[in-house]
Amino acid sequence: MSNSEVIRLQMFSEWPFREDCQCTPELMAKAGFAHCPSENEPEVACCFYCLRELEGWEPEDNPWSEHAKCSPNCAFLCMKKTFDKLTAIEYFQLEQEWLRILVSYIIVSPAVQSSLRDGSRLV
Ligand SMILES: [Zn+2]
Numbered sequence: 072m073s074n075s076e077v078i079r080l081q082m083f084s085e086w087p088f089r090e091d092c093q094c095t096p097e098l099m100a101k102a103g104f105a106h107c108p109s110e111n112e113p114e115v116a117c118c119f120y121c122l123r124e125l126e127g128w129e130p131e132d133n134p135w136s137e138h139a140k141c142s143p144n145c146a147f148l149c150m151k152k153t154f155d156k157l158t159a160i161e162y163f164q165l166e167q168e169w170l171r172i173l174v175s176y177i178i179v180s181p182a183v184q185s186s187l188r189d190g191s192r193l194v
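Take the position in the sequence shown, starting the count at 1, then add 71; the result is the number in this note's numbering.
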């Protein structure tokens with residue numbers, strides 16, 4: 072288990088789907104998800120890599136196929152190896168791609184947009 076998988080698994084402490092489910096915390100973390108609940112949506116999971124959020128989980132949902140449905144081009148999903156098996160070049164390529172996703176995510180975020188509009192500083 073990679074470090075990032077361990078961290079994601081810890082984030083699922085309040086996750087409701089446990090025994091007899093396809094989407095247990097262990098399987099969710101392995102498929103790249105972290106639990107990121109909000110007050111109105113307690114069962115939201117987000118891919119740490121493509122940052123896609125998925126809600127409305129059912130006990131029989133398979134995290135890998137749900138991930139593939141919502142984000143078929145996610146590089147984490149398409150990766151054939153676990154992080155600890157990557158070569159240095161593969162790791163840096165993934166990291167570069169991830170930074171591209173992160174920057175485009177930040178640019179479209181409402182907080183950044185309004186800050187750009189009114190000139191205030193982000194906290
Ligand atoms: Zn993803």
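Quick reminder that beta carbons are idealized off the backbone N, C-alpha and C, glycines included.
{"Check": "Taking residue 87 as the reference, give the member of 181, 103, 130, 98 with the closest Cα.", "Outcome": "130"}
{"Check": "Would you list the one or two residues that DSSP bridges to residue 187?", "Outcome": "None; residue 187 has no bridge partner."}
{"Check": "Would you check whether ligand 1 has a heavy atom nearer than 7 Å to the C-beta of residue 176?", "Outcome": "no"}
{"Check": "May I ask you to report which of helix, strand or coil DSSP gives residue 168?", "Outcome": "helix"}
{"Check": "With DSSP collapsed to three states, give me the class of residue 88.", "Outcome": "coil"}
{"Check": "Taking 7 Å as the cut-off, is the CB of residue 106 close to at least one heavy atom of ligand 1?", "Outcome": "no"}
{"Check": "Leaving out the 5 sequence neighbours to the left and right, which residues in its chain are closer than 6 Å to residue 98 when beta-carbon positions are compared?", "Outcome": "134"}
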